[in-house]
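Here is the structure we will look at, set down as structure tokens.
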Amino acid sequence: MIRRALLVLATLMLFACALGLITAQHRSRSLFVDLERAQQEAKQLDVDYERLTIELARLSQPASVERAAQRLGFKAPDPAQTVYLNLPQASAASPVAPGVKR
Amino acid sequence: MTAANGRRAGRSAGRNDRGSAGRERVGFNANPLLMVAIPAWRSKLMLFALFVGFVALGGRAFYLMGGVTTEFLQRQGEARYARTLDVPATRGRVTDRNGIVLASSVPARAVWAIPEDVEATPAQIAELARLLEMNPGELKRRLANDDRSFVYLRRQVDVEVMDRIAALKIAGVHSSREFKRHYPEGPTSAHVVGFTNVEDRGQEGVELAHERELAGRAGSRRVIKDRLGRIVEDDWLREPVDGRDISLSLDSRVQYIASSALRSAVEKHRAKAGAAIVLDVKTGEVLALANWPSYDPNARTRLSGDAIRNRVLTDTFEPGSTMKPFSVAAALEAGKVRPDTRIQTAPGKLTIGDRTIGDAHAHGLLTVEEVVAKSSNVGTAKIALDLPAQTLWETYTSLGFGQAPRLGFPGAVAGRLRPAKTWRPIEQATISYGHGVSVTLVQLARAYTVFANDGQLAPLSLVRLDSAPPMVQVLSPPTARAMRKMLEMGVSDEGTAPLARIAGYRVAGKTGTAYKIKNGQYVKDYVASFVGLAPVSDPRIVIAVMVDEPGGGAYYGGQVAAPVFAQIAGATLRTLQVAPDGPLEAPKALLALRQAP
Chain A
90 MIRRALLVLA TLMLFACALG LITAQHRSRS LFVDLERAQQ EAKQLDVDYE
140 RLTIELARLS QPASVERAAQ RLGFKAPDPA QTVYLNLPQA SAASPVAPGV
190 KR
Chain B
18 MTAANGRRAG RSAGRNDRGS AGRERVGFNA NPLLMVAIPA WRSKLMLFAL
68 FVGFVALGGR AFYLMGGVTT EFLQRQGEAR YARTLDVPAT RGRVTDRNGI
118 VLASSVPARA VWAIPEDVEA TPAQIAELAR LLEMNPGELK RRLANDDRSF
168 VYLRRQVDVE VMDRIAALKI AGVHSSREFK RHYPEGPTSA HVVGFTNVED
218 RGQEGVELAH ERELAGRAGS RRVIKDRLGR IVEDDWLREP VDGRDISLSL
268 DSRVQYIASS ALRSAVEKHR AKAGAAIVLD VKTGEVLALA NWPSYDPNAR
318 TRLSGDAIRN RVLTDTFEPG STMKPFSVAA ALEAGKVRPD TRIQTAPGKL
368 TIGDRTIGDA HAHGLLTVEE VVAKSSNVGT AKIALDLPAQ TLWETYTSLG
418 FGQAPRLGFP GAVAGRLRPA KTWRPIEQAT ISYGHGVSVT LVQLARAYTV
468 FANDGQLAPL SLVRLDSAPP MVQVLSPPTA RAMRKMLEMG VSDEGTAPLA
518 RIAGYRVAGK TGTAYKIKNG QYVKDYVASF VGLAPVSDPR IVIAVMVDEP
568 GGGAYYGGQV AAPVFAQIAG ATLRTLQVAP DGPLEAPKAL LALRQAP
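Just so you know, the sequences run in chain order A and B. First residue of the first sequence? That's 90 in my numbering, and the numbers climb one at a time after it. First residue of the second sequence? That's 18 in my numbering, and the numbers climb one at a time after it.
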């Protein structure tokens with residue numbers, strides 16, 4: 090009698106495990122689909138970023154800045170109009186002062 | 018039950034049709050056929066046949082799934098849900114030293130068609146032609162080409178445009194993924210950056226020189242797709258490696274300054290071409306390298322070899338007087354002369370063997386300093402002839418002449434400097450003032466960094482350096498300083514290039530005007546050049562400018578190339594935020610030039 094009960098229990102557990110496996114597999118796949126979608130989105134954002142960087146570079150290239158400056162009647166300052174300040178640690182070693190970006 | 022049926026049947030039969038009363042005894046289970054005895058072996062045979070059938074099925078299933086050959090079915094199954102996807106690597110960016118993008122790739126689409134599959138209304142064709150920016154007739158001609166099973170309609174189409182083409186839903190028109198390279202700075206830095214072809218492979222410039230780092234390596238992955246085409250499992254066969262970004266030594270602002278100054282000079286003097294290079298003295302980095310004519314790497318439909326040519330690196334020319342400082346430096350270094358030693362250059366002519374060399378103007382008794390400042394051929398030749406040919410040759414060679422610069426740039430050439438043993442005295446004299454020797458502009462500029470950097474020579478670099486490279490001491494510091502003083506005299510009102518001076522900074526430099534050689538003969542075409550450094554008190558940059566065949570009357574280096582130097586130097590030093598070391602008001606020569614354009 091006990092043996093039969095154990096057998097039934099084991100069978101039920103087997104079924105439960107099988108169903109659990111199927112659920113787990115399904116969940117892993119749907120999570121993977123989500124991951125894939127998110128990665129795709131990340132890639133697309135990368136592409137957009139790249140495109141915007143190019144656009145920014147194109148719009149801020151010195152030629153267009155100069156054209157705009159001419160239109161507005163701007164002039165480059167000459168050294169006589171410039172006040173030069175010497176910082177204690179002048180960044181004379183590098184040709185471009187750090188943080189100078191356009 | 019069956020007996021009851023029989024009775025009912027009998028009753029109704031009795032009621033409706035008495036004539037058929039004879040059937041009443043023949044019930045369903047009373048069929049006489051059932052009475053026939055069937056031999057037992059027949060059912061056993063049937064059972065056996067069924068058993069054999071099941072065994073055959075089981076054997077077949079075992080054969081296909083677990084046994085001898087499983088490959089075929091597995092392959093067939095996989096073909097229905099597994100795919101191998103190629104994952105392209107993105108080509109690295111090329112940026113300038115401050116991170117400004119000079120070249121970058123974004124995904125694009127190649128639009129192609131299978132002509133025999135194409136079914137489209139004329140309106141659809143017209144719309145497709147508009148989206149592809151093609152002539153409708155040309156598009157129709159391509160689609161009518163039935164003997165070809167594949168035809169590209171247009172490559173490197175923007176993704177948005179492709180989406181709109183896909184919305185037209187024309188049968189037989191397809192697209193595939195590819196990349197398009199963008200060059201936001203356009204012609205300004207075209208010669209350094211170069212360009213890629215439609216397959217995204219480098220063809221010129223840095224794109225070609227650093228092809229391997231930029232390209233990366235495409236990967237592939239094995240994926241399992243579900244019923245909806247979504248990827249549910251994957252397995253990387255090979256991870257893609259994206260191309261590395263390359264950070265060039267160029268400063269795009271300086272590049273623009275050089276490029277536009279050069280362009281206006283070439284146009285003003287109606288010259289054939291021009292080239293300019295700006296070097297960082299302390300590191301040997303190339304801050305700008307400009308050529309004119311140039312081209313737009315984004316639209317290369319009409320490319321001429323003339324426009325592509327990177328004259329700074331690939332064109333050799335006889336440098337003329339820009340070579341003189343090296344000959345004088347060699348003599349100073351050897352202790353043959355001192356800056357104040359007097360040299361007799363009268364009467365402005367010098368006969369060596371059967372040949373006579375001369376100065377443009379006769380000068381008389383000059384100090385060595387004045388020989389350089391006034392650019393006397395006779396004086397330089399006399400100084401150089403006092404030295405062993407080998408010493409001169411060694412000086413030139415240690416400065417990089419006669420060897421291709423190690424820039425890792427395609428097409429950089431060595432120029433021509435013959436071995437000292439083959440020099441005749443007249444050749445030694447002419448080589449000392451820059452004839453009978455050929456150099457590239459980049460070699461000249463690099464050699465001048467020796468004067469700017471107290472005798473130290475740095476290797477050139479087109480990529481940004483994080484620390485100063487190892488230097489080679491070529492000249493002694495006193496010699497370099499003495500040369501700097503002479504070169505500064507060269508831009509004084511008494512020198513050859515007063516137009517090179519700028520407001521706020523002390524500059525120094527040397528002009529060059531040389532005849533060109535065509536088919537082995539000197540012709541009346543000139544190369545005007547100027548090489549200079551600034552600011553003199555603590556040099557930061559060397560600028561070399563070359564204008565090829567100026568055609569507007571002026572052809573001296575001091576008239577044509579020196580103003581370009583001044584323009585580039587002034588704007589560059591301001592851009593690099595270098596503190597001024599000279600008088601702040603604009604020099605008189607420059608004002609005169611501005612008033613009388």
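Using N, Cα and C, we set each Cβ at its ideal position, and we do this for glycine too. Source: prediction; values computed, not measured.
Alpha carbon of M681 of chain B to alpha carbon of V385 of chain B, nearest angstrom: With chain B covering 18 to 614 only, the question about residue 681 of chain B has no answer from this structure.
Under the three-state DSSP convention, the category V354 of chain B falls into: coil
Any chain A beta carbon closer than 8 Å to H199 of chain B: yes
Within-8 Å CB hit, S554 of chain B to chain A: no
Check whether R114 of chain B and L265 of chain B have beta carbons under 8 Å apart: yes
Contacting positions in the segment 129-154 of chain A - beta carbon closer than 7 Å to chain B: V136, E139, R140, T142, I143, A146, R147, Q150, P151 and A152
R498 of chain B (DSSP reduced to helix, strand or coil): helix
Interface flag, P177 of chain A vs chain B, CB-CB below 8 Å: no
Same chain, Cβ closer than 6 Å to W440 of chain B, five either side skipped, listed in chain order: A406
A579 of chain B to T213 of chain B span [Cα, whole Å]: 35 Å
Whole beta strand (DSSP E) elements within the segment 199-274 of chain B, 3-residue minimum: 236-242 and 248-255
Stretch-stretch touch, CB-based, cutoff 8 Å, three pairs: the segment 559-576 of chain B with the segment 282-302 of chain B: yes
Option in B:L601, B:A305, B:Q594 and B:T447 with minimal Cα separation from L174 of chain A: B:Q594
Residue nearest to L479 of chain B in terms of C-alpha spacing, selected from B:V303, B:N48, B:L382 and B:V271: B:V303
Simplified DSSP state of T331 of chain B, which is helix, strand or coil: helix
Contacts that R118 of chain A makes with chain B (C-beta to C-beta distance below 8 Å): D243, V249 and E250
Reference A130 of chain B, options B:V168, B:Q220, B:G574 and B:P139, closest by Cα: B:V168
Residue environment, A73 of chain B, which counts as buried when at least 16 other CB atoms sit within 10 Å: exposed
Other residues of its chain near A94 of chain A: CB distance less than 6 Å, five sequence neighbours each side excluded: none
Buried or exposed by the 16-neighbour rule on C-beta atoms within 10 Å, applied to K197 of chain B: buried
Residue environment, L120 of chain A, which counts as buried when at least 16 other CB atoms sit within 10 Å: exposed
Expected contact under 8 Å - CB spacing of A106 of chain B and G233 of chain B to nearest Å: 3 Å
Any alpha helix (DSSP H) of 4 or more consecutive residues that is wholly inside the segment 101-164 of chain A: 151-160
Interface partners of T205 of chain B on chain A, CB under 8 Å: Q150, P151 and A152
Cross-chain neighbours of V124 of chain B in chain A, by beta carbon under 8 Å: For the record, residue 124 of chain B in the displayed sequence is Pro; it is not Val. Here the neighbours are V136.
Contact check, S393 of chain B vs L383 of chain B, beta carbons under 8 Å: yes
Where A293 of chain B sits in the DSSP three-state scheme: strand
Proximity winner among B:V562, B:Y573 and B:A551, relative to K541 of chain B (alpha-carbon distances): B:Y573
Rounded separation between G322 of chain B and H199 of chain B - CA only: 21 Å
Cβ-based neighbour list, R171 of chain B, same chain, cut-off 7 Å, excluding 5 preceding and 5 following: V128, L149 and M151
Proximity test, Cβ basis, 8 Å: V122 of chain A and chain B: yes
Meets three-Cβ-pair contact criterion under 8 Å: the segment 355-372 of chain B and the segment 434-454 of chain B: yes
Bridge-paired residues (DSSP) for V168 of chain B: B:A130
Helix, strand or coil at G154 of chain B according to DSSP, with G and I counted as helix: helix
C-beta neighbour in chain A for I448 of chain B, strict 8 Å: no
Closest by C-alpha distance to S546 of chain B, when choosing among B:R147, B:V581, B:A377 and B:R518: B:V581
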